[in-house]
Amino acid sequence: MKNILYFFMLITATGCGTTKVVKEKREEQKEVIVNTDRITTIERNKAIIDSLKFKIAQSQTGDQKFDSAVNSAVSKILSNLNSSKSSGDNSYQLKYDDVLKELRALIKVGPTDNQTTINNATVHTKEIIKDTREIPVKYMPKWVVMLSCFGGCCVIAATGFLIYRVSRWMRPKLA
Numbered sequence: 000m001k002n003i004l005y006f007f008m009l010i011t012a013t014g015c016g017t018t019k020v021v022k023e024k025r026e027e028q029k030e031v032i033v034n035t036d037r038i039t040t041i042e043r044n045k046a047i048i049d050s051l052k053f054k055i056a057q058s059q060t061g062d063q064k065f066d067s068a069v070n071s072a073v074s075k076i077l078s079n080l081n082s083s084k085s086s087g088d089n090s091y092q093l094k095y096d097d098v099l100k101e102l103r104a105l106i107k108v109g110p111t112d113n114q115t116t117i118n119n120a121t122v123h124t125k126e127i128i129k130d131t132r133e134i135p136v137k138y139m140p141k142w143v144v145m146l147s148c149f150g151g152c153c154v155i156a157a158t159g160f161l162i163y164r165v166s167r168w169m170r171p172k173l174a
């Protein structure tokens, strides 16, 4: 009889409790940082002015007539070589000096810039992963607890009343 009473009390005390559902949360956060470094090197060359002189040799074969004809033909051909050209800061000039018997070349090269650029890109990646797990906590509202206590008291009172009635019925009546 006591066991039945304990069983009903156990059911009454624990029957109304509920548990939360276990939830798992996963939060991911990615952060990418890109750093770009640029190194520029500029190398400047100065202007170049250059001149060349070529001495033209005279023909000397021993025959005066032949030598003068050859020398005048060479002089006439070289005097037609007088030319010049310029482009921007660059120019050249080619001249034949008949008096000095020289071929002169004047060359001008303007200043130049050599630019070298080196790009370095570094990528930093930072990844944060958070795992959150909720642990279930038994929670019963106050009104459920109060009703459980009231129900338990009612069950105890009803059980006591039944025991009292059964024991009275089982006892012999004294008259």
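Just so you know, numbering that gives the first Met the number 0 puts 69 at position 70 of the sequence shown, and the rest follows in order with no gaps. All C-beta atoms, glycine included, are put in the ideal place defined by N, C-alpha and C.
- Contact annotation: GLY159 and THR11 have beta-carbon atoms that are not nearer than 8 Å.
- Not a single unbroken stretch of the alpha helix (DSSP H) spanning 4 or more residues falls wholly within the segment 14-74.
- Ranking TYR5, SER86, LYS52 by CA distance to the CA of ALA104 puts LYS52 first.
- When DSSP reads this structure, THR115 sits in a beta bridge with THR40.
- TYR5 sits exposed, since fewer than 16 C-beta atoms from the chains shown fall within 10 Å of its C-beta.
- Looking at the DSSP output, SER82 sits in a beta bridge with LEU93.
- Per DSSP, the continuous alpha helix (DSSP H) segment holding ARG167 begins and ends at 141-169.
- A distance below 8 Å separates the beta carbons of ILE48 and LYS107.
- Under the three-pair Cβ rule at 8 Å, the segment 27-34 does not count as touching the segment 81-92.
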